[in-house]
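J.:
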Amino acid sequence: MSIEFIGFIANSNASETIVRQGPVLDPDYIETVAKAHELAGFDRALLAFHSTTPDALQIAQHVLTITKKLKVMIAQRPGFTAPTLLARQLATLDQLYGGRVSLHVITGGNAIELRQDGNTLDDKDERYARTSEFLDVVRLEWTSEKPFNYSGKYYTVEAGFSQVKPLQKGGIYTFVGGGSDAAIEVSGKHADTFALWGESYAQVRDVTARVRAAAAKHGRPSPRFSLSVRPILADTEEKAWQKAEHILERATALQDQTGYRRPNHATDGAKRLLALADQGTRIDKRLWTEIAKLTGANSNTTALVGTPEQVAEVFADYYDLGVSHFLIRGFDPLPDAIEYGRELIPLTRALIAKRQAVRGEAAE
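Residues in the sequence shown are numbered consecutively from -3, following our numbering.
1. Does the pairing of the segment 206 to 225 with the segment 319 to 329 give three or more beta-carbon distances under 8 Å?
2. Taking only the alpha-carbon atoms, compute the straight-line gap between D274 and L340 and give it to the nearest angstrom.
3. Is the segment 200 to 217 touching the segment 251 to 261 in the sense that three or more CB pairs, one from each, lie closer than 8 Å?
4. So for V354, helix, strand or coil by DSSP?
5. Give the single residue among K185, Y256, T28, A198 whose Cα lies nearest to the Cα of I16.
6. With a CB to CB cut of under 6 Å and the five nearest residues on each side skipped, what residues in its chain are close to G18?
7. So if DSSP puts S183 in a beta bridge, which residue, or which two residues, is it bridged to?
8. Please classify D119 as buried or exposed, where buried requires at least 16 neighbouring CB atoms within 10 angstroms.
9. Just verifying my parser: in three-state terms, what is the DSSP assignment at S128?
10. Specify whether the segment 171 to 178 and the segment 140 to 159 touch according to this definition: at least 3 beta carbon pairs, one from each stretch, less than 8 Å apart.
11. Taking the alpha carbon of T303 as the reference point, which residue from R216, A236, K31 has its own alpha carbon closest?
12. If you count every other CB in all the chains shown that lies within 10 Å of the CB of L323, and 16 or more means buried, which is it?
13. List the residues that DSSP assigns as beta-bridge partners of A299.
14. Using CA coordinates, which residue listed in D280, R73, L42 is at the minimum distance from R96?
15. Over the uninterrupted beta strand (DSSP E) stretch that includes T152, give me the two end residues.
16. Within 10 Å of its beta-carbon, does P219 have 16 or more other beta-carbons around it, so buried, or fewer, so exposed?
17. Tell me which residues share the same chain as L269 and place their Cβ nearer than 8 Å to its Cβ, disregarding the 5 neighbours each side in the sequence.
18. For I324, which residues does DSSP report across the bridge?
19. Below 6 Å CB to CB, which residues in the same chain sit around N115 once its five sequence neighbours on both sides are set aside?
Below, the structure is given as structure tokens:
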């Protein structure tokens, strides 16, 4: 099973510990971070979606233009763009940029934020039912060789057809995330990779088993799995934990200025991270929960703390549990991405390759 490293390209330099100084959309920063990820050996990078932020689809096109090999993982939320249109937009990009496009489907768990985009479908299970229909139509646009009809509760298409198909055979690679039972069911039907946040070994075992069971119900092989986490590295373990405490102090002091505060509504994924935080600040070997607790886990906020060798070992543990994609970003995004490429990524690749060799496993 091959592994991938996924980075994160924000629209400007900001995080839980960095107050944005420049514009909301900073092209120079985007270009610098994108090129840094490519040089650091990341396979692809996530472009996030939020109801108030710049459009990820257009930023992804810019990133593809200024890079040569880096793939993009474009977050999109079903319900705002017609599935036929989004399918053609993504297929066009995929053709223009050599098959470097992937889709990250985020249905959304915060009804208040969803309403900022005019989404008044408040029932979460209904939103996931709509997501499933959305992905049905998208996949038909990508794969159907003749006009198709589709009739669902949320989408009806008559004689739908796309002249442009993705360069990737079978359709564009699709990530699906979510912590609810409804999200698990949709992922079992549609996901190529199911996206986990930075959860404990026990939680990963639980969720991956549920997703595999959901896929089996649809007669599909198991999706792959990704894990999103924030590595905090130093040349000794003691220094790494000191660095983590400094990050917590800074994040606490800057909450009003950065806006990274507990939301009014916790998604199911956030609830899982908060339940983890209730178990302690350090889980398993070196999973750190303090930032998740501070911010209400409103994004991927658990961290792995240690030397590059120690964190690589934990990634190898997650690989043994079935995780093949690691989405990593730092609290100081640009220098952290460069640091990950210098040590953490090559160390992890080498360690997992060694484990594969011992077991006689193929890389794919």
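No residue lacks a Cβ here, since even glycine has one placed at the ideal position from N, Cα and C.
T.: Reading from the atomic positions:
1. yes
2. Start at 1 with the first residue of the sequence shown, and residue 274 comes out as number 278. Start at 1 with the first residue of the sequence shown, and residue 340 comes out as number 344. Between D274 and L340, the C-alpha separation is close to 29 Å.
3. With a cut-off of 8 Å, the segment 200 to 217 and the segment 251 to 261 do not count as touching, because too few Cβ pairs lie within range.
4. Here residue 354 refers to the residue found at position 358 when the sequence shown is read from its first residue. Correct three-state label for V354: helix.
5. Translated into the one-based positions of the sequence shown, residue 16 becomes position 20. Looking at the sequence shown, residue 16 is not Ile but Arg. Taking only the C-alpha atoms, the option nearest R16 is Y256.
6. Working through the sequence shown from its first residue, we reach residue 18 at position 22. Around G18: S8.
7. The residue given as residue 183 occupies position 187 in the sequence shown. Partner(s): none; S183 has no beta bridge.
8. Locating residue 119 in the sequence shown gives position 123, where the first residue counts as 1. It counts as exposed.
9. Within the sequence shown, numbered from 1, the residue matching residue 128 stands at position 132. In the structure shown, S128 sits in a helix (DSSP, three-state: H, G or I).
10. no
11. Locating residue 303 in the sequence shown gives position 307, counting from the first residue. Ranking R216, A236, K31 by Cα distance to T303 puts A236 first.
12. If you number the sequence shown from 1, residue 323 lands on position 327. Its Cβ being crowded by 16 or more others within 10 Å, L323 is buried.
13. In the sequence shown, counting from the first residue as 1, residue 299 sits at position 303. Looking at the DSSP assignment, A299 forms a beta bridge with R226, W284.
14. The sequence position of residue 96 within the sequence shown is 100, counting from 1. When only C-alpha atoms are compared, the closest one is L42.
15. For this step, residue 152 is matched to residue 156 along the sequence shown. Residues 152 to 156.
16. For the purposes of this step, residue 219 is identified with residue 223 of the sequence shown, where counting begins at 1. Counting Cβ neighbours within 10 Å, P219 comes out buried, since at least 16 surround it.
17. One-based indexing of the sequence shown puts residue 269 at position 273. So the qualifying residues of the chain are W193, G194, E195, T285, A288, A293, T297, T298.
18. Residue mapping note: residue 324 aligns to position 328 of the sequence shown, counting from 1. Answer is V225.
19. Locating residue 115 in the sequence shown gives position 119, counting from the first residue. Hits under 6 Å: G75.
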